[in-house]
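Trainee: The structure follows.
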Amino acid sequence: MLLSCWAWAAFLLFIFRYLRLVVNLISNWTYKPIPVPEKPNYTNKDVTVIIPTIEGEGDNLCRTIETCLATQPFEIMIVTIDASIKRAERTVAAFNTNKIRILSVAKANKRSQMCAAIPEVMTKITIFADDDVIWPHTILPWILAPFENDEMGGVGTSQRLMRPEKTSVWSFLGSLYLERRNFDCSACLNIDGGLPCLSGRTVAYRTCILQDDAFTYGFTNETWRNFQLNADDDNFITRWMYAYGWKIAMQYHKACEVQTTLEDSPKYLKQCLRWVRSNWRSNLTSMFVEKHYWKTTPWTTYAVFQTTLTAWAFTDLLIFFLFYRATEDLSADVRQKILTTIGIWIFVFAKSIKLYGHWIRYPADLLMLPYSILFGHLHGIIKLAGLLTLSATSWGSRDGADEDNHYRMIKLPPYDTDDLEASPPSASSFADSMSTAQYPPPYKKHEPDETCPLQGHYSHDL
């Protein structure tokens, strides 16, 4: 018997929607981190840690510095703003060490803070860390292990929420967000070497990449539509690595697992909105501006990037409706079994199986599973709100973080149409303008050195 149009539509949409879940489950279960070599070429003495911060003080920052110091890196740089430098000096003085250096910038902007520190780095590896993370003492050997491969440009970490004494709905949702992120990154990396983004909470890069003139220019001159974009720093660096042929790794292992904090209040919704906007901007850039991801990491493009456009809560309802119409001619008993199975898959199994690691660690949290399912539908509204406000970059969830918000998205001046309509310049005047205009420096090619074995990486056709 030929399938009806309803049945074909139901099956095809179901496969498109859930093939990535099944394949990613298998990939996540078979994922293995890169082991630490017996005789590593990189040690803690090859690491500089950069910690951007706004306040320059506080329990979270002190805890971050303490756990970073425990791993004995070559140096730690605290990069704050001018208004907070005295507080940062008091914070650092409490540790009584000469391994910490303080830098400052005028405005509270993470890209500016990173750019202030990058030229000062004297080690082969640079690690960026947020000011609210806790490192395990085992992190450095594991985060450095992938760099034994000369083609490795950046390495990310596994991340978990610092679990509060009393779990709230907000901390529960935050835990699931990080769990889901660990799942997606490890699964995609295991298939085609791609991932959505190397999170800036704790991430390591080859210093020579960050100190290249072309990278500095690109990092400080990224544009989004008719704006200069000074937010989304980790998305930019991740895309840069892929664009210039560097490999990326993520050490999904307990020894390389950092703990972090997220909002434990309704402000968590504002955090989600900020993440959603960043995802929209970066994923659209990956798919329709840089484009090489369709060829270089096709699975990641299907499983992550394109979901920005296609993964909406109403898709699940549409699939169920299509199966409802497709089974109208079946017996009542068979139809009920099919619809029950589809309903459980869509609204329970698919919403919870990615989080199996969290359920194993905290089985009591299964009682809050309905909150997770409901939030999945609410997130569609947040996602739509993010799409409609892509030019906004405010945090809205952290004190002092938005004082210089206008600097994160700077309106670029429009082209002067009068100049465009003027007579064309002569060859000599064009040559003069070429000599005085500022153009991005070329990415260095075929200049390998012992510090950066593949510094002359190729660029895809962007």
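When you read off a place in the sequence shown, starting at 1, and then add 876, the result is the number in our numbering. For glycine and all other residues, C-beta sits at the position ideal for the given N, C-alpha and C. None of these values were measured; they are calculated from a predicted model.
1) Cα separation between A1107 and L1242?
2) Measure the C-alpha to C-alpha separation of H1253 and D1192 and round it to an integer number of angstroms.
3) For F1190, count neighbouring Cβ atoms within 10 angstroms of its own Cβ and tell me buried if that reaches 16, exposed if not.
4) Buried or exposed for H1013, going by 16 or more other Cβ atoms inside 10 Å?
5) Assuming the contact rule is C-beta atoms closer than 8 Å, I1195 and R893 should be a hit. Round their C-beta distance to whole Å, please.
6) Take I927 and list the residues in its own chain whose beta-carbon comes closer than 6 Å to its own, dropping the five residues that flank it on each side.
7) Scan the region 1032-1115 and note each continuous alpha helix (DSSP H) run of 4 residues or more that stays entirely inside, going in chain order.
8) What does a CB cutoff of less than 8 Å around R1153 pick up in its chain, not counting 5 residues either side in sequence?
9) Give, in chain order, every unbroken run of the beta strand (DSSP E) that is at least 3 residues long and sits entirely within the region 913-940.
10) Go ahead and label A1179 buried or exposed: buried means 16 or more other beta carbons lie within 10 angstroms of its beta carbon, across all protein chains shown.
11) Run the CB neighbour count on K1227, radius 10 Å, all protein chains shown included, and call it buried at 16 or more, exposed below.
12) Return helix, strand or coil for M1126, following the three-state DSSP convention.
13) Any idea what DSSP makes of V1134, helix, strand or coil?
14) State the beta-bridge partners of E951 as determined by DSSP.
15) Mind the definition here: the region 1127-1137 touches the region 1088-1095 only if three or more C-beta pairs lie below 8 Å; say whether that holds.
16) Just to confirm, does A885 get its C-beta within under 6 Å of one of the non-hydrogen atoms of the ligand ATP?
17) Would you say the region 975-987 touches the region 1009-1025, given that touching needs at least three Cβ pairs under 8 Å?
18) I need the boundaries of the alpha helix (DSSP H) containing L1016, first residue and last residue.
19) Taking only the alpha-carbon atoms, compute the straight-line gap between D1088 and L1245 and give it to the nearest angstrom.
20) Where does G1030 sit, in a helix, a strand or coil, going by DSSP?
21) Quick check: what's the CA-CA separation for L1020 versus A1080?
22) Under a three-way DSSP split, which group does V1224 fall into?
23) Any idea which residues DSSP pairs V1180 with across the strands?
24) Compute the Euclidean distance between the alpha carbons of G1332 and M998, then round it to the nearest angstrom.
25) What does T1002 pair with, by DSSP beta-bridge criteria?
26) DSSP three-state label for S1248, please.
27) With DSSP run on the structure shown, which of helix, strand or coil describes L1145?
28) Ordered along the chain, which non-local residues of its own chain (more than five positions away) have a Cβ less than 7 Å from that of A883?
29) Tell me, which residues are paired with S980 by DSSP?
30) Which residues mark the beginning and the end of the alpha helix (DSSP H) in which K1171 is found?
31) What are the boundary residues of the alpha helix (DSSP H) that includes I1010?
Mentor: On the basis of the data shown:
1) Each residue's alpha carbon lies about 36 Å from the other.
2) C-alpha of H1253 to C-alpha of D1192: approximately 10 Å in a straight line.
3) With fewer than 16 Cβ atoms within 10 Å of its Cβ, F1190 is classed as exposed.
4) Label assigned to H1013: exposed.
5) Sure, about 6 Å apart at Cβ, within 8 Å.
6) Within the same chain, I927 has close Cβ partners I954, A1005, D1007.
7) Listed in chain order, the complete alpha helix (DSSP H) runs (minimum 4 residues) inside the region 1032-1115 are 1045-1068, 1083-1086, 1089-1096.
8) Taking R1153 as the centre and dropping the five residues before and after it, the same chain places the C-beta of G1262, T1265, L1266, A1268, T1269 closer than 8 Å to its C-beta, in chain order.
9) The qualifying runs are 923-928.
10) Burial is judged here by how many other beta carbons sit within 10 angstroms of a residue's own beta carbon; A1179 has at least 16 and is buried.
11) Under a 10 Å Cβ-count criterion, K1227 is classified as buried, with 16 or more other Cβ atoms of the shown protein chains found around its own Cβ.
12) Note: M1126 maps to strand in three-state DSSP.
13) V1134: strand per DSSP, three-state reduction.
14) According to DSSP, E951 shares a beta bridge with T924.
15) Contact fails: fewer than three Cβ-Cβ distances are below 8 Å.
16) Because no ligand of any kind appears in the structure shown, any question about the ligand ATP cannot be addressed here.
17) Two segments are said to touch when three or more pairs of C-beta atoms, one from each, lie closer than 8 Å; by this definition the region 975-987 does not touch the region 1009-1025.
18) Here the alpha helix (DSSP H) through L1016 covers 1015-1020.
19) A straight-line Cα-Cα distance of about 47 Å links D1088 and L1245.
20) Correct three-state label for G1030: strand.
21) Approximately 8 Å between the Cα atoms of the pair.
22) Note: V1224 maps to helix in three-state DSSP.
23) When DSSP reads this structure, V1180 sits in no beta bridge, so it has no partner.
24) With a pLDDT of 48 at G1332, under the threshold of 50, the modelled position of that residue is not reliable, and the figure given next carries that caveat. C-alpha separation (whole angstroms): 20 Å.
25) DSSP, once it has assigned bridges, lists T924, Y1081 as partnering T1002.
26) Three-state DSSP puts S1248 in a helix.
27) Annotated three-state conformation of L1145 is helix, per DSSP.
28) Hits under 7 Å: A1202.
29) T956.
30) That run of the alpha helix (DSSP H) goes 1169-1172.
31) Per DSSP, I1010 lies in no alpha helix (DSSP H) segment and is marked neither H nor E.
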